[in-house]
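Numbers 0 to 85, taken from numbering that gives the first Met the number 0, label the letters of the sequence shown in order. What follows is a single structure, written as structure tokens, with notes after it.
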Amino acid sequence: MNKQHRAINYALAGLLALGASGAATFAHAAGMEKCYGVNAVHKNDCGSSDHACAGQASKANDPQSFVLVPNGVCGKLSGGSTTSGM
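Structure representation (structure tokens):
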């Protein structure tokens, strides 16, 4: 693979990453809420003070990591909170 093809591949990967982050923002705006303390290991939706990216939570039910759930569901989940446990 030559340098031009490699540069194009990197550019496309960057665009896909931007699209994925935009999808998370759209989902949050479309009737979803952040629910802290109910994540499974490596199944969080965004960063916290312990890590910078989705999928990097090293412990389950982390009060600083959230997952997006439909509005009104978080309060029904054991340990769920709409505020971070920082």
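Ideal placement from N, C-alpha and C gives every residue a C-beta, glycine not left out.
| Item | Value |
| --- | --- |
| Exposure label - G36; buried when at least 16 CB within 10 Å | buried |
| S64 burial status per 10 Å Cβ neighbour count (16 or more: buried) | buried |
| DSSP three-state assignment for K2, whether helix, strand or coil | helix |
| Alpha-carbon spacing of V72 relative to N1, whole angstroms | 50 angstroms |
| Inter-residue Cα distance where the pair is S83 and H41 | 17 angstroms |
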